[in-house]
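Notes follow the structure.
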Ligand code: HDL
Ligand code: ZN
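In the working numbering, the protein residues as written are 1 to 423.
So, in structure tokens, the structure goes:
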């Protein structure tokens with residue numbers, strides 16, 4: 001056991017612990033490589049990430065509908081020209097592309113996009129997964145698995161199981177946010193819900209959930225919710241949450257993840273790039289936590305303005321796990337701010353980050369950028385207690401880092417077999 005006595009030793013110990021720590025990435029849009037084309041990777045996918053589509057529209061006067069008519073490579077070339085060559089790539093999403101290419105050891109100074117394309121053309125998705133997980137030090141990835149996605153559903157129905165490093169999360173947005181239409185799909189699939197919300201409807205929606213929990217073995221059920229989300233209220237969403245999601249969550253032990261604050265499709269023509277954010281009410285979550293103490297809830301909010309009240313709520317309810325700097329929050333200035341806020345109000349009982357990666361290679365940048373910020377926060381916080389005369393051991397820093405980047409998540413979702421220290 002090495003005792004830390006000064007900031008210099010502290011800095012070295014925290015950076016070493018974080019550098020070494022294998023990461024569980026608890027929310028991504030990645031897929032196991034045996035899910036085929038669903039897994040995105042390579043430089044053209046990196047450049048056409050919807051964050052960069054939004055940004056290129058500010059420098060290009062191309063009509064949006066014409067942009068979508070371009071091939072993926074033509075879109076990527078336009079984005080590269082506008083956001084990297086004609087203007088310096090200092091936005092977080094642009095910098096992320098460069099950090100990722102750097103992670104593969106490519107010559108960033110060459111700015112030779114075709115060279116980069118040639119590099120990626122040498123690999124297949126399976127070898128790329130091994131390489132990126134090794135480079136990013138991520139060893140477990142939680143996917144977003146949507147039974148309502150017509151490409152993904154048949155993969156599960158065929159009995160395909162993901163690579164053991166990839167874990168399912170059952171995503172139920174169409175069930176909770178669009179039940180009026182979704183009920184027709186449930187009927188097509190043999191779940192005989194009534195038009196009215198009857199006991200039969202309750203039983204059939206519960207059967208749908210249990211069928212997919214049985215098929216996917218998800219670590220949690222997740223939904224993204226609009227900024228004006230209310231609960232309880234007189235809506236299909238509230239009825240399904242009360243009568244189906246929460247009882248099934250208790251029965252199966254699969255926690256319910258609520259990702260709150262989306263303002264979907266404010267600019268529909270931009271597709272995924274067309275979503276925005278809104279300040280939400282914390283009251284629905286507060287009600288659920290209080291009313292359903294035997295349920296476990298995992299939550300992140302999209303609006304910066306919701307972060308402080310979320311931390312306070314975390315102090316009131318142990319059945320709430322707060323995680324990540326989601327989407328528009330995933331920028332250094334905000335990651336720094338809310339990680340400090342969270343450690344000051346909640347100590348180490350959080351999951352500070354997830355990647356939300358949509359492109360496999362993004363794991364490299366999303367984690368290297370965030371680990372640097374989280375390390376600096378931890379160094380400051382440990383240093384604050386060092387100054388009181390508190391003695392810190394290196395092993396304790398390694399323990400805390402293992403909790404933040406791995407064990408807090410697995411413990412909360414009831415997978416104590418995945419809780420590990422010292423590796
Ligand atoms: O709803 C979600 O899970 C969000 O993360 C959206 O997928 C969003 O488009 C995104 O990729 N954010 O990073
Ligand atoms: Zn996401």
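Ideal Cβ positions, reconstructed from N, Cα and C, are used throughout, including at glycine.
All values derive from a computational prediction rather than experimental measurement.
Residue range of the unbroken alpha helix (DSSP H) whose run includes residue 208: That run of the alpha helix (DSSP H) goes 199-216.
Using the DSSP secondary-structure output, state which residues sit across from residue 221 in a beta bridge. Residue 221 pairs with 170 and 256.
Using a Cβ-Cβ cut-off of 7 Å (strictly less than) and excluding sequence neighbours within five positions of residue 146, which residues of its own chain qualify? So the qualifying residues of the chain are 152 and 171.
Can you list, in chain order, the residues of its chain with a C-beta nearer than 6 Å to that of residue 418? Leave out the 5 residues immediately preceding and following it. Excluding residues within five positions, the ones whose Cβ falls inside 6 Å are 410.
Going by alpha carbons, who is nearest to residue 158 out of 35, 403, 326 and 282? Taking residue 158 as reference, the option from 35, 403, 326 and 282 with the minimal CA-CA separation is 35.
Quick check: does the Cβ of residue 272 come within less than 6 Å of any heavy atom belonging to ligand 2? Because no heavy atom of ligand 2 lies under 6 Å away, the Cβ of residue 272 does not count as near it: no.
Should residue 149 be listed as close to ligand 1, given that the test is whether its C-beta is under 6 Å from any heavy atom? Between ligand 1 and residue 149, a heavy atom-to-CB distance of less than 6 Å is absent.
Ignore the nearest five residues each way along the sequence and tell me which others in residue 227's own chain have a CB closer than 8 Å to its CB. Cβ within range, chain order: 260, 261, 262, 263, 277, 278, 279, 280, 302 and 303.
Would you mind stating whether residue 138 and residue 23 have Cβ atoms separated by less than 7 Å? Against a cut-off of 7 Å, the Cβ pair of residue 23 and residue 138 comes out as a contact.
Taking DSSP as the reference, what is the three-state secondary structure of residue 281? Of the three classes helix, strand and coil, the one that applies to residue 281 here is coil, per DSSP.
Closest to residue 38 by C-alpha separation, out of 154, 86 and 79, would be which residue? Checking every option, the nearest Cα to that of residue 38 belongs to 154.
Indicate the three-state DSSP secondary structure (helix, strand or coil) for residue 91 in the structure shown. In the structure shown, residue 91 adopts coil according to DSSP, grouped into three states.
Run the proximity test for residue 211: is its beta-carbon closer than 6 Å to any non-hydrogen atom belonging to ligand 2? Not under cutoff, so the answer is no.
Whole angstroms are fine: how far does the CA of residue 33 sit from the CA of residue 294? Straight across, the Cα-Cα distance linking residue 294 with residue 33 is about 36 Å.
Locate the beta strand (DSSP E) running through residue 301, then write down its first and last residues. Segment 297-301, the beta strand (DSSP E) holding residue 301.
Using DSSP with H/G/I as helix, E/B as strand and the rest coil, what is residue 393? Strand at residue 393.
Residues sharing a beta bridge with residue 53, DSSP: In the DSSP output, where bridge partners are listed per residue, residue 53 has none listed.
Let me know the secondary structure DSSP gives residue 229 once reduced to three states. Coil at residue 229, not helix or strand.
Have a look at residue 50 and residue 68 and give me their C-alpha separation to the nearest angstrom. In a straight line, the C-alpha of residue 50 is about 12 Å away from that of residue 68.
Measuring only the C-alpha atoms, how far is residue 131 from residue 120? Approximately 12 Å, taken between the alpha carbons.
For residue 275, which option in 140, 265, 400 and 31 has the closest C-alpha, if you only look at C-alpha atoms? Of 140, 265, 400 and 31, the residue nearest in Cα terms is 265.
Would you check whether ligand 1 has a heavy atom nearer than 6 Å to the C-beta of residue 428? Examination of residue 428 is not possible in this model, given that the chain is present from 1 through 423 alone.
Closer than 6 Å to a non-hydrogen atom of ligand 1 - does that hold for the CB of residue 460? Nothing in the structure corresponds to residue 460, since the chain is present only between 1 and 423.
Tell me whether residue 327 counts as near ligand 1, meaning its Cβ is closer than 6 Å to at least one heavy atom of that ligand. Distances taken from the Cβ of residue 327 to the heavy atoms of ligand 1 include one shorter than 6 Å.
Rounded C-alpha distance that separates residue 400 from residue 166: Cα to Cα, the separation comes out at about 24 Å.
Straight-line CA distance for residue 215 to residue 80? The straight-line gap from Cα to Cα measures roughly 41 Å.
How close, in whole Å, do the beta carbons of residue 142 and residue 26 come, if the pair is a contact with beta carbons under 8 Å? At roughly 5 Å, the Cβ-Cβ gap stays under 8 Å, so residue 142 and residue 26 are in contact.
From 340, 114, 186 and 257, residue whose alpha carbon lies closest to that of residue 382: Nearest C-alpha to residue 382: 340.
Counted within 10 angstroms of its Cβ, other Cβ atoms place residue 324 as buried (16 or more) or exposed: Per the 10 Å Cβ criterion, buried.
Here's the rule: buried if 16 or more other CB atoms are within 10 angstroms of the residue's CB, otherwise exposed. What is residue 407? Residue 407 should be labelled buried.
Closest to residue 88 by CA distance: which of 59, 405 and 415 is it? Ranked by Cα distance from residue 88, the first of 59, 405 and 415 is 59.
May I ask you to report which of helix, strand or coil DSSP gives residue 335? Per DSSP, reduced to three states, the secondary structure at residue 335 is helical.
Nearest to residue 73 (by Cα), restricted to the options 84, 114 and 350: Cα-wise, what sits closest to residue 73 is 114.
Going by DSSP in three states, residue 142 sits in which element: helix, strand or coil? When secondary structure is reduced to three states using DSSP, residue 142 falls in the strand class.
DSSP state of residue 21 mapped onto helix, strand, coil: Here residue 21 sits in coil by DSSP.
Determine the closest residue to residue 123 out of 112, 108 and 104, with distance taken between C-alpha atoms. Taking each of 112, 108 and 104 in turn and checking the Cα distance to residue 123, the smallest one comes out for 104.
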